Amino acid sequence: MNNNKQIFKVNIQLWKGIAIVAAAFSFIICFLIIANYLQINRLDPVNTEIINTLVERLSQNPNDEALKEEIRELDLLARKAYFTNQWQIRTGGYLLLIGVIIFLIAIQLINSAKKISPEVGEKDDNNLFLQKTARKWVSFGGIGLIIIALFFAFLTHNRLGETFTEAAFAENALNKEATSDETGSIQTPVETSVNETGQTDIEESTEQTTKTIKSSIADYPTAEMKENFPSFRGPGGNGIAYQKNIPVNWDGATRENILWKATVPLHGYNSPVIWGNKLFLSGANGSQRQVYCYDRNTGKLLWTANADNITGSPANAPKVTNDTGHSAPTVTTDGKKVFAIFSTGDVIAFDMNGKRVWAKNLGVPQNHYGYSSSLYVFKDKLIIQYDHRTESKVMALSVESGDIVWSTNRNGKISWASPVIVKTFDRVEILLLTDPFLASYDANTGEELWKIDCLYGEIGPSVAYADGIVYVTNEYASLVAIKIGDNPEKLWETYDYLSDVPSPVATDKYLFLATSYGVVVCHDAKTGDVLWEKEFNNGFYSSPILVEGKIYLLDKQGIMHIFKADKEYISLGEPKLGEKAVSTPAFANGRVYIRADKNLYCIGK
Amino acid sequence: MAKKEKKKKHNRRHFIDRSLRISIGLGLAGLGSFLIKKSISKEYVWQLDPEKCIQCGRCATSCVLTPSAVKCFHVYDMCGYCDLCGGYFRPETKKLTTAAENQLCPTSAIVRKFVEEPFFEYDIVEELCNGCGKCVKGCGAFGNGSLQLQVNHRLCVNCNECAIARDCPADAYQRVPMDDPYTFSGYRNKENKS
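These protein sequence lines are chains D and U, in that order.
The numbering of the first sequence is the working numbering, which starts it at 1 and goes up by one.
The numbering of the second sequence is the working numbering, which starts it at 1001 and goes up by one.
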């Protein structure tokens, strides 16, 4: 008996030692795996862009022995890094698992070998207690293992996958010339500016853009943009139009004030945009993607351009829901080119006569309803909010070539909202909303300026901005006013009326919010107090536009509710189009343009 | 009364005995039918059609495995055993040596072996190949197209929804019978089918 006790004592000590060693070992392995993961991200060993550049240089000077040596060393290093990292992660995973198992066994043995004093009459209670404890630890252990496994799976596979994807894109873009020859359709070869580390050339673009930053701050949106209606919800996407003499009455049934009506070939939930005498929009189905240009004075379809034969575009369009479709994002224009993006991730640029300038595929967005963030142009950059399931980022492409000028990763979820670009006190900011945060990015460099957690859910509405305050909302979440700046703060929050599709619009004094169930609310912009609320018969998907001190808000049945942007609800008209509509109208002097279910309307006198 | 009890006990045992026999019988029958069904029904696996493949590089990046289960296969029957191999050498290579600056493969997964003047043999080292398809593109552009990408079924985990098939821009992925899982284009394919 005494001998047995002696043996038990020795075993406990031994297992305690094993538990400590196993815990320390697991911790070190865990640390090394994380370090390895970070190293992969930093080095991006599969991307051989730098070697390609050196080889190109060698072809100009074939006898440069030093350069040859450099290439060979780099090649060896890259391959070593690539395979060693893979081996290390794989082996590290196994070692970690073994370490954790040994640790758990040791702990279990130590616990089971502990001396338990008999307690007469409390046997049942002890059993119950032991069972409860065992259940608890089994649950915690299981959850812990799952979390660790998910954590490492996420770290190793997904991020590695993204890195590889970026490398493949870079390679693909470099080889695009050859491919475009095969397809015979892409007229300008596209090259990305992804460098050898897999990150985009932010520094270079920063240098270029900082020279012109002052002028860009002074005039955004530019006078030219204000004269036109170049993007979804007007210049910068803030829901404000700068046009004059906008009509307040028309009737689709009698054609009163309907100047022309044209059928749009392919369906789409995007809205029209205007530059000069041209009006642009897009349409798509599972097999076709098109951009249309109309003469906005006559309604004549000037050209139709197909977005096809794009390298990397999926053979089958991704699944989308009927209420989003394949062309939910609105096109944009800078007066020289028009840009469109589709559910496939195909982004394309045409000149004003419909000739293709460049096209590329950004990777199919993993979005269960369909991609819907609209495009905007800031100076010489095309701004794209690309928040989908597998990655979330905002990027700027060169309007001339489609090259990535900058790209900033975001740790958000899928967003169906669109960017809003505004001039704030001393800079031009891109405001992006996703679950769970609102973030601001420098339009010149893509640098994240500030971020604040404020919302959750499947974000549909874009933000509204006025007088240093951003207003964000989403159904089942809240309506929040946020004072912007390097340290943003919530000014007020309310939960009464929330939007799931239409974006709000703000003035310095008031905030107007429409809902898909037909209620329109006016809040005091500074306090959040409800100044008025009105329920209409039909709901709204179209976003309100502020023009000439009036709000133009189109309901789902095609009735335009026009009212004063004021603290009291004063209706100025409720003209009917006679066709269902969910798109947001575009404005030109004396004209309103509405894309309805099947037709495009021009309204004016 | 005692007789009744005895009868009851006997019936219960009999009932349990019969239930067990029936359960075992049903279980065996079910297992048998499952195995028969499995042996006669065809199972399918993912494979890519080399004739549709555009070597976009996504086979290397989209697979759930790292490195990818897609590998380059060499259809030797089609190979010209060229000295200047478009799948091995970068375009515009000046000296046909195995130096790093001349090799197209980013992982150096192709081994070039001298056979006899002027022929060289090219072997793929499966462990090194990451399925990027650069060699396939080069071989297709300048050679006979004997280097081809295929899903290696010793490695593939046969996902229900293949991640590469989902991302493939050429729609080159398809389900093929497990007993004929490779779809080489060219001679090897013809021989397989004949």
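All residues carry an ideal CB built from backbone N, CA and C; glycine is no exception.
Since we're looking at a predicted model, the values are computed, not measured.
Check whether residue i and residue j have beta carbons under 9 Å apart
i	j	result
I246/D	K550/D	yes
F1089/U	I1124/U	no
E574/D	H561/D	yes
D524/D	L513/D	no
K423/D	A439/D	no
D1171/U	K1052/U	yes
V1070/U	C1059/U	yes
R296/D	A588/D	yes
A315/D	I348/D	no
Y220/D	V420/D	no
G252/D	G558/D	yes
V273/D	T330/D	yes
Y82/D	T1093/U	no
L433/D	P461/D	yes
Proximity test, residue i beta-carbon vs the ligand ZN heavy atom, cut-off 8 Å
i	result
F129/D	Looking at this structure, you won't find the ligand ZN or any other ligand, since it has none at all.
Test: residue i CB closer than 9 Å to a CB of chain D
i	result
A1099/U	yes
L1128/U	yes
N1189/U	For N1189/U, the pLDDT reaches just 49, beneath the cut-off of 50, and the residue's location in the model is therefore unreliable, although a value from the coordinates is still provided. Taking Cβ atoms only, chain D never reaches closer than 9 Å to N1189/U, which makes this a no.
A1170/U	yes
I1164/U	no
R1175/U	no
K1094/U	yes
D1167/U	yes
R1154/U	no
R1018/U	no
R1021/U	no
R1090/U	yes
Cβ of residue i within 9 Å of any chain U Cβ
i	result
Q86/D	yes
T434/D	no
I51/D	yes
Y82/D	yes
S313/D	yes
V631/D	Nothing can be reported for residue 631/D: it is not among the residues displayed for chain D, which extend from 1 to 605.
G335/D	no
G144/D	no
G363/D	yes
N316/D	yes
E177/D	In this predicted model, E177/D has a pLDDT of only 36, less than 50, meaning its place in the structure is not dependable enough to derive any value.
Three-state class that DSSP yields for residue i in the structure shown
i	result
C1056/U	coil
S282/D	strand
S392/D	strand
F229/D	strand
Q1174/U	strand
T473/D	strand
V55/D	helix
S1146/U	coil
W358/D	strand
S401/D	coil
F152/D	helix
I246/D	coil
Y94/D	helix
H1014/U	helix
M352/D	coil
N1102/U	helix
R135/D	helix
Y601/D	strand
L77/D	helix
D181/D	In this prediction, D181/D scores a pLDDT of 37, lower than 50, which makes its location untrustworthy; no coordinate-derived value is stated.
Residue closest to residue i, alpha-carbon to alpha-carbon, out of the options
i	options	result
V530/D	L498/D, I482/D and G236/D	L498/D
S415/D	V248/D, A223/D, L553/D and D435/D	D435/D
G528/D	L104/D, L491/D and P230/D	L491/D
N309/D	P318/D, Q288/D, G299/D and T298/D	Q288/D
P230/D	G268/D, Q243/D and T333/D	T333/D
L1084/U	Q1103/U, D1077/U, V1064/U and V1151/U	Q1103/U
F536/D	I545/D, C522/D, Y517/D and K526/D	Y517/D
N111/D	Y495/D, N238/D and A19/D	A19/D
According to a CB-to-CB cut-off of less than 9 Å, which residues of the region 57 to 80 of chain D neighbour chain U? L58, S59, P62, L67, K68, I71, R72, E73, L74, D75, L76, A78 and R79
Which residues of the region 1103 to 1130 of chain U have a Cβ closer than 9 Å to any Cβ of chain D? Give them in chain order. Q1103, P1106, T1107, S1108, E1127, L1128 and N1130
Taking a cut of 8 Å between CB atoms, which residues from the region 1049 to 1081 of chain U lie near chain D? I1054, C1056, G1057, R1058, A1060, T1061, S1062, V1064, T1066 and P1067
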